[in-house]
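Novice: Residue numbers (my numbering), protein chains in the order written: chain A, 1 to 156; chain B, 157 to 268.
One structure, as structure tokens, below. Some questions next.
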């Protein structure tokens, strides 16, 4: 019925090293994910993804949204994993963040890219805990939902 | 606005927990059940079942009615659909990102 992980994949007509740099380099990430990206591309590297009003992610952002990122594993040109959406002042854990894993597999001259996002089942809202930090993890989910509702409407 | 967001959060975190998904599955099969019968059909204690049912109830995913001394629970399909739809939308947003990666990488390959 409902799974606690999402897996999507795509075949890209480009060699693995080009797909790798597109997926992992912050300057490239700012072209397909957020409006700005800044982090050290190494295990434990920290940084953030930033969305700005009127930018790519959603047209309805009222203020700039900065989402923390922590790199977990970098195994070029095959595997890249990070955690995100944890409160900015906390270390990411399976409870306060989502795990994103990219896997690249060569297919002839092309590259198969898969992404798995997991950890939804771990996120719990403490009853009665409306702390600001706890809220921020959800902000991005809801922005993402809004983004897609808008895209669906635009597509009609 | 704030209220709508709170409801969305409650909905999502309610269905995202495996034990609660199992209870929803059981309720869908049975149509209606009490906490006691659900506990018999699952590895959970009756106390745990009651706790999860309370979360599902707060999220509006189940409704209950009292029959004599029993409280019988059933799924609210409209709310469950909304939760499933939310997850589908996150999947769609990754599809959009993968498409952009594809265009970027193929353009970079073409000009290299």
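No residue lacks a Cβ here, since even glycine has one placed at the ideal position from N, Cα and C.
Report, in whole angstroms, the separation of the C-beta atoms of residue 119 (chain A) and residue 99 (chain A), which I expect to be a contact under 8 Å.
Specialist: So it is a contact: roughly 5 Å between Cβ atoms.
Novice: Using 8 Å as the cut-off, can you tell me whether the stretch 26-39 of chain A makes contact with the stretch 49-67 of chain A, which would need three or more C-beta pairs spanning the two stretches below that distance?
Specialist: In short, these stretches touch, since the Cβ pair count reaches three.
Novice: Looking only at C-alpha atoms, which of A:5, A:67 and A:101 sits nearest to residue 85 (chain A)?
Specialist: Answer by Cα proximity: A:67.
Novice: CB residue 228 (chain B) to CB residue 221 (chain B), shorter than 8 Å?
Specialist: Closer than 8 Å, so yes.
Novice: Are the stretch 188-200 of chain B and the stretch 245-256 of chain B touching by the rule of at least three beta carbon pairs closer than 8 Å?
Specialist: No, the stretch 188-200 of chain B is not in contact with the stretch 245-256 of chain B.
Novice: Output the distance between the C-alpha atoms of residue 275 (chain B) and residue 8 (chain A), rounded to the nearest integer angstrom.
Specialist: Residue 275 (chain B) is absent from the model: chain B starts at 157 and stops at 268.
Novice: Give me the Cα-Cα distance between residue 184 (chain B) and residue 230 (chain B), rounded to the nearest whole angstrom.
Specialist: Spanning the two alpha carbons is a distance of roughly 8 Å.
Novice: Looking only at its own chain, which residues have a Cβ that is under 7 Å from the Cβ of residue 152 (chain A), when we skip the five neighbours before and after it?
Specialist: With a pLDDT of 47 at residue 152 (chain A), under the threshold of 50, the modelled position of that residue is not reliable, and the figure given next carries that caveat. Same-chain partners within the cutoff: there are none.
Novice: Assuming residue 10 (chain A) and residue 258 (chain B) make a contact with CB atoms under 8 Å, what is their CB distance in whole Å?
Specialist: That belief holds up - the Cβ atoms of residue 10 (chain A) and residue 258 (chain B) are roughly 6 Å apart, short of 8 Å.
Novice: Express the C-alpha separation of residue 39 (chain A) and residue 225 (chain B) in angstroms, rounding to a whole number.
Specialist: Roughly 59 Å separates the two Cα atoms.
Novice: Whose C-beta lies closer than 8 Å to the C-beta of residue 26 (chain A) among residues of the same chain, with five residues either side of it excluded?
Specialist: For residue 26 (chain A), where only same-chain residues beyond five positions count, the Cβ hits under 8 Å are 37, 38, 39, 41 and 47.
Novice: Can you tell me where the beta strand (DSSP E) holding residue 174 (chain B) begins and where it ends?
Specialist: Premise fails: residue 174 (chain B) lies in the alpha helix (DSSP H), 174-186, not in any beta strand (DSSP E).
Novice: Check whether the Cβ atoms of residue 254 (chain B) and residue 115 (chain A) sit closer than 8 Å, and answer yes or no.
Specialist: Yes, the Cβ-Cβ distance between residue 254 (chain B) and residue 115 (chain A) is below 8 Å.
Novice: Could you tell me which chain A residues have their CB closer than 8 Å to the CB of residue 254 (chain B), listed as they occur along the chain?
Specialist: By Cβ distance, chain A contributes 8, 9, 10, 113 and 115.
Novice: Which of the three DSSP states is assigned to residue 68 (chain A) in this structure?
Specialist: Strand at residue 68 (chain A).
Novice: Which of the three DSSP states is assigned to residue 37 (chain A) in this structure?
Specialist: Strand.
Novice: Grab me the residues of residue 16 (chain A)'s own chain with a C-beta within less than 7 Å of its C-beta, minus the 5 sequence neighbours each way, in chain order.
Specialist: Hits under 7 Å: 77, 104, 106 and 111.
Novice: Classify residue 241 (chain B) as buried or exposed, calling it buried when 16 or more other Cβ atoms lie within 10 Å of its own Cβ.
Specialist: With fewer than 16 other Cβ atoms within 10 Å, it is exposed.
Novice: Report all residues from its chain with a CB closer than 7 Å to the CB of residue 22 (chain A); omit the five preceding and five following residues, and keep chain order.
Specialist: Excluding positions up to five away in sequence, the list reads 28.
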